[in-house]
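Student:
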Amino acid sequence: MGSTNFIQNNQAPNRQYYQTPTTNTSPPATCPYAGPFSDADSRRDPPDLPVDHSRPISPKAGPPLFPSKTLLLSPSIIFNKEKALQSFVLQERRDFRVSDEGDLGLVEKDVVGGVDLGWLPAFPHILLASMSNFLFGVMNGPIVSVARELGFEGNSFVEGLVVSMFNAGGLIGSINSASLIDKLGCRRTIQIVSIPLILGAILSARALSVEEILLGRFLVGLGIGVTTALVPLYISEVAPTKYRGALGGVCQIGTCSGIIASLLFAIPTETDPHWWRDMLYIASVPGLILIIGMQFAVESPRWLCKVGRLDDARSVVSNIWGKDEVEKSIEEFQSVIKTDGSDLESSWLELTEAPHSRVLSKILLLLKILQFAGVNGVFFFSSLTFRDVGITNSAQASLYVGLTNMAGALVASYLVEKQGRQRLLIGSYLAMAASMLLVAYAVSSPIDQQLHDSLSIVGTLMYIFAFSIGAGPITGIIISELSSNKTRGKIMGFSFSVHWVCNFLVTLFFLQLVEEFGIAPVYASFAAVCLTSALFGKYFLVETKGRSLEEIEMSLNANFPASGE
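Just so we're aligned, residue 1 is where the sequence shown starts under full-length UniProt numbering, counting upward by one.
1. Give a yes or no on whether the C-beta atoms belonging to Phe517 and Met436 are separated by under 7 Å.
2. Which same chain residues, not among the five before or five after Gly170, have their C-beta less than 7 Å away from its C-beta?
3. For a test of the three-state rule: what should DSSP assign to Ser42, helix, strand or coil?
4. Which value, in whole angstroms, describes the spacing of the CA atoms of Asp182 and Leu455?
5. Just the C-alpha distance for Ser145 and Asp453, rounded to the nearest angstrom, thanks.
6. Alpha helix (DSSP H) containing Ser483: first to last residue?
7. Under the three-state reduction of DSSP, which class applies to Trp500: helix, strand or coil?
8. Based on Cα-Cα distance, which residue from Val193, Val529, Ala397 lies nearest to Ile260?
9. For Pro286, which residues in the same chain have their Cβ closer than 8 Å to its Cβ, ignoring the five residues on either side in sequence?
10. Can you confirm whether the region 530–545 touches the region 198–207 when touching is taken to mean that 3 or more C-beta pairs between the two stretches lie within less than 8 Å?
11. Taking only three categories from DSSP, how would you classify Trp275?
12. What is the residue span of the alpha helix (DSSP H) that Lys362 lies within?
13. Using the C-alpha atoms, what's the distance from Ala520 back to Glu551?
14. In three-state terms, what does DSSP make of Ala266?
15. Going by Cα to Cα distance, which pick from Val416, Ser179, Leu219 is closest to Ala162?
16. Output the boundary residues of the alpha helix (DSSP H) element that contains Val529.
17. Who are the near neighbours of Ser444 in its chain, counting only those whose CB is closer than 6 Å to its CB and skipping five residues on each side?
18. Starting from Asp340, follow the alpha helix (DSSP H) in both directions and report where the run begins and ends.
19. Whole angstroms is fine: what's the gap from Ser361's alpha carbon to Thr475's?
20. Does the region 469–483 come within contact of the region 414–433, defined as at least 3 CB pairs closer than 8 Å?
21. Within this structure, are the beta carbons of Ala412 and Cys530 separated by less than 7 Å?
22. Quick check: Val416 and Ala246, are their CB atoms within less than 7 Å of each other?
23. Over what stretch of residues does the alpha helix (DSSP H) that includes Trp303 continue unbroken?
24. Does DSSP classify Gln295 as helix, strand or coil?
25. How long is the line joining the alpha carbons of Leu127 and Leu511, rounded to whole angstroms?
26. Thinking just about the alpha-carbon of each residue, which of Cys186, Gln191, Ala201 is nearest to the one in Phe166?
27. Taking only three categories from DSSP, how would you classify Gly348?
28. Between Asn503, Pro268, Trp276, Ala122, which has its C-alpha nearest Phe296's C-alpha?
29. Out of Ile289, Ile195, Met279, state which residue places its alpha-carbon closest to the alpha-carbon of Ser262.
30. Are the beta-carbon atoms of Asn485 and Val326 separated by less than 7 Å?
31. Hey, out of Arg302, Gln252, Ile447, Leu364, whose CA is closest to Lys338's CA?
32. Excluding sequence positions up to five away, which residues of its chain have a Cβ less than 6 Å from the Cβ of Leu180?
33. Taking Gly402 and Gln252 to be in contact with their CB atoms under 8 Å, please state how far apart those CB atoms are, rounded to whole angstroms.
34. Distance check for Ile363 and Ala266, CA to CA, integer angstroms please.
35. Roughly how far, in whole angstroms, is the beta-carbon of Val378 from the beta-carbon of Thr460, given that I think they are within contact range, below 8 Å?
36. Secondary structure at Ala434, three-state DSSP: helix, strand or coil?
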C-alpha cells in the first residue's frame, strides 16, 4: 500500500476508504478517530483491534452505515442520542482492522479473517425449518376431492368455511407465536407447533364429517400461523449477514415446492376418489421430520445470548459463521441487548413506543399493500384465465402457475444480495403493475380472440413471476431485518396476524368485486396499488443488504430515538 494518500475516494458519493502508511502509525488529521471537536494534540490512536489477514482497501466494501461520520459525530447526536453513539462504535470496530504489516484500512465486510464459510453451514438448518412452508403448499391441494366425498361440493358456504377455518387457525397461531419464541426460542417452538401440524393432517385424513375436517384444518392452520412468523425470523438470525437475503428466499421456495408436490400427489385422484386421504397422511410426514430434525438444528445465537447462554451462542456462531466472527458477533449481540434492556420477553405496549411503533407501521403498511395488490385474487382467477384459452384441466393450469412461481423464487434468491432488497422490491411492483394493466387491456379491448388469450396468459404469468421475484420473498425478509432484537418476535407475530386478516378479506370479496365492476377495473385498481407500493418502497424503506441485524437496529435507533432521549 502506498504512503502518498491517506484517503481514497470511491465513485459513489459519501463513500470513503481510509489508509495510513506503514511508516507512520499516528493518525493524520483526516483520520476518523481524531474527531471533529479536538485539535491535533488531542488526537488519539485507534483502538487495538484483531489482526486481519483479509484484502486491504477495496471499493467492494460497501457503503458505510452512516453517510457522513462528521454528521454522526455532531453534538446533538453525541450528547442526546446514546444509541447513535453506540452505532458509531460498532461501525468503527467492524470497518477498521489492523493488518499484520501494521496498516490501518477499511476491509471488506464479506471477508472475516480471510475465512468465509459461505452459506453452506447454515443451509441445512434453514432448509429444515422451511419444511413447514412445504406443508403449507401441500395442505391446500385436495380441497375439491374432500368436498366431493364429504358431500358439500357446490355448497359455497361450507366450502368457504373450510377454507376460512385454515385462515382462522393461522391468525390465532401468528398472534401467539411471539410469546413462544421469546420464552422457548425458535428451535423448541418449531418442534412444539409441529404437533398440531401432524394431528391436523391425520385428523383431516380420517375425517368422516365436515366437523372433523374443520377441526383438522384449524389445527394445521394453527401450526402454520406460528411458523409463518417464526421461520423468516429464524432464518434472519441464523444466516450469515452476506447470505441472509438469499437464504431468506428458501421460505418462498418451500411454499412453491409444496404447491407443485400437491399437484403431483393429486394425480391418482383422477382414478381413485379416496386418494386424498392417503395424500393427507403423507402431509403429516414433514411435521414428524421437523420434530426430529430440529433436535439437531442450531438455535438462534441471538436468542441464546439474550438468555445468557453465551458459550452455546459462541459455539453456534463458530460453527455456522466462522471462528473469527465469534467475539465480534457476541459483542454486538450484548451491546444491543444492553441497549434494549435485559428482559427476556418484550411487552406488547413497547410496540406503541418509538422506534418500534414507526417500524411496525411501515411493516403493516407493507403487508397490507402486498395483499391489496391482488396477489391472492390473481392466483385464484388464474385457473379461469387458463380455462378461457382452452386449458380446462385445473391441475395443469395450477402446475403452470406453480412452476412460474418457483422460477421467480429461485431468481430472487440469486439476485437479492446483488441488487438489494429495495431495488428488487420496487422493480417487482412495477412489473406487477404493468402485468395487471396488460390483462385489463386484453379483457376490455375489442381485439382478436387469439391476441386476447395470449395477452391474458402472458400478463397473468408475468404478474406471478414478478411477485415471486420480489414482493413475495422480499417482504418477509425485510420484516425480520427491520425488527429490533427485543421485539422481533412480537412484531413478526402481530404483522403476520394482520396479513392473515387481509388475506381473508381479499379472498372473501374478490369475486364480489369482479361481479360488480368487472375484471378490467379490478385489475386496474391492483395496478394502482402496485404503483403506490413501488413509491412506498423507494421513499420509505431503507436498504438492509450487507448489514448485520445489530447495525440495522442501531441505525434505526439513531433515526428514531426512544421517547425521552
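From the three backbone atoms N, C-alpha and C, an ideal C-beta is built for every residue, glycine too.
Tutor: In short:
1. Counting from one through the sequence shown, the residue named residue 517 turns up at place 517. Counting from one through the sequence shown, the residue named residue 436 turns up at place 436. Cβ distance not < 7 Å, so Phe517 and Met436 don't count as in contact.
2. In the sequence shown, the residue the question calls residue 170 occupies position 170. Take Gly170, set aside five residues on each side of it, and the residues of its chain with a beta-carbon closer than 7 Å to its own are Gly221, Ile224, Gly225, Thr228, Trp500, in chain order.
3. Residue numbering aside, residue 42 sits at position 42 when the sequence shown is read from its first letter. At Ser42, the pLDDT of 40 sits below 50, so the modelled position is not reliable and the matter cannot be decided from this model.
4. As a first step, residue 182 is located in the sequence shown; it is residue number 182 there, counting from the start. As a first step, residue 455 is located in the sequence shown; it is residue number 455 there, counting from the start. Straight-line Cα distance between these residues: approximately 49 Å.
5. Walking along the sequence shown from the start, residue 145 turns up at place 145. Walking along the sequence shown from the start, residue 453 turns up at place 453. Whole-angstrom Cα-Cα distance: 29 Å.
6. Position 483 of the sequence shown, counted from the first residue, corresponds to residue 483. Here Ser483 belongs to no alpha helix (DSSP H), and DSSP marks it neither H nor E.
7. Position 500 of the sequence shown, counting from 1, holds the residue named residue 500. Annotated three-state conformation of Trp500 is helix, per DSSP.
8. Taking the first residue of the sequence shown as 1, we reach residue 260 at position 260. The candidate whose alpha carbon is nearest that of Ile260 is Ala397.
9. As a first step, residue 286 is located in the sequence shown; it is residue number 286 there, counting from the start. Beyond the five residues adjoining it in sequence on each side, Pro286 comes within less than 8 Å, by CB distance, of Met131, Ser132, Phe134, Leu135, Val138, Leu197 in the same chain, given in chain order.
10. Short answer: they don't touch.
11. If you number the sequence shown from 1, residue 275 lands on position 275. Trp275 falls in the helix class under three-state DSSP.
12. Locating residue 362 in the sequence shown gives position 362, where the first residue counts as 1. DSSP places Lys362 inside the alpha helix (DSSP H), whose first and last residues are 356–372.
13. In the sequence shown, counting from the first residue as 1, residue 551 sits at position 551. In the sequence shown, counting from the first residue as 1, residue 520 sits at position 520. If you take the alpha carbons of Glu551 and Ala520, they lie about 45 Å apart.
14. Counting from one through the sequence shown, the residue named residue 266 turns up at place 266. Collapsing the DSSP output to three states places Ala266 in coil.
15. Against the sequence shown, residue 162 aligns to sequence position 162. The sequence shown places Val at residue 162, rather than the Ala named in the question. It is Leu219.
16. In the sequence shown, residue 529 corresponds to position 529, counting from 1. Where Val529 is concerned, the enclosing alpha helix (DSSP H) stretches over 519–540.
17. In the sequence shown, counting from the first residue as 1, residue 444 sits at position 444. Same-chain partners within the cutoff: Ala520.
18. Locating residue 340 in the sequence shown gives position 340, counting from the first residue. First-last of the alpha helix (DSSP H) with Asp340: 326–340.
19. Locating residue 361 in the sequence shown gives position 361, counting from the first residue. Locating residue 475 in the sequence shown gives position 475, counting from the first residue. Cα-Cα distance, rounded: 14 Å.
20. In short, these stretches touch, since the Cβ pair count reaches three.
21. Mapped onto the sequence shown, residue 412 falls at position 412. Mapped onto the sequence shown, residue 530 falls at position 530. Cβ distance not < 7 Å, so Ala412 and Cys530 don't count as in contact.
22. Here residue 416 refers to the residue found at position 416 when the sequence shown is read from its first residue. Here residue 246 refers to the residue found at position 246 when the sequence shown is read from its first residue. Result yes, Cβ atoms of Val416 and Ala246 sit closer than 7 Å.
23. For this step, residue 303 is matched to residue 303 along the sequence shown. Run containing Trp303: 301–306, per the alpha helix (DSSP H) assignment.
24. Locating residue 295 in the sequence shown gives position 295, where the first residue counts as 1. Coil, per DSSP.
25. Residue 127 sits at position 127 when you count from the first residue of the sequence shown. Residue 511 sits at position 511 when you count from the first residue of the sequence shown. The straight-line gap from Cα to Cα measures roughly 36 Å.
26. What you label residue 166 is simply residue 166 of the sequence shown in a count that begins at 1. For the residues Cys186, Gln191, Ala201, the minimum Cα distance to Phe166 belongs to Ala201.
27. Taking the sequence shown and counting its residues from 1, one reaches residue 348 at position 348. For the record, residue 348 in the displayed sequence is Trp; it is not Gly. The answer is helix: DSSP assigns Trp348 an H, G or I state.
28. As a first step, residue 296 must be located in the sequence shown, where it is residue number 296. When only C-alpha atoms are compared, the closest one is Ala122.
29. Looking up residue 262 in the sequence shown gives position 262. Distance from the Cα of Ser262 is smallest, within the candidate group Ile289, Ile195, Met279, for Met279.
30. In the sequence shown, the residue the question calls residue 485 occupies position 485. In the sequence shown, the residue the question calls residue 326 occupies position 326. No, Cβ-Cβ distance for Asn485 and Val326 is not below 7 Å.
31. On the sequence shown, residue 338 is found 338 positions in, with the first residue counted as 1. Minimum Cα distance to Lys338 is reached at Arg302.
32. Mapped onto the sequence shown, residue 180 falls at position 180. Answer for Leu180: Thr189, listed in chain order.
33. For the purposes of this step, residue 402 is identified with residue 402 of the sequence shown, where counting begins at 1. For the purposes of this step, residue 252 is identified with residue 252 of the sequence shown, where counting begins at 1. Beta-carbon to beta-carbon, Gly402 and Gln252 are separated by about 12 Å, too far to satisfy the 8 Å threshold.
34. Reading the sequence shown from its first residue, position 266 is the one you call residue 266. Reading the sequence shown from its first residue, position 363 is the one you call residue 363. If you take the alpha carbons of Ala266 and Ile363, they lie about 37 Å apart.
35. Indexing the sequence shown from 1 puts residue 378 at position 378. Indexing the sequence shown from 1 puts residue 460 at position 460. The Cβ separation is near 7 Å, so the contact holds.
36. The residue given as residue 434 occupies position 434 in the sequence shown. Ala434 falls in the helix class under three-state DSSP.
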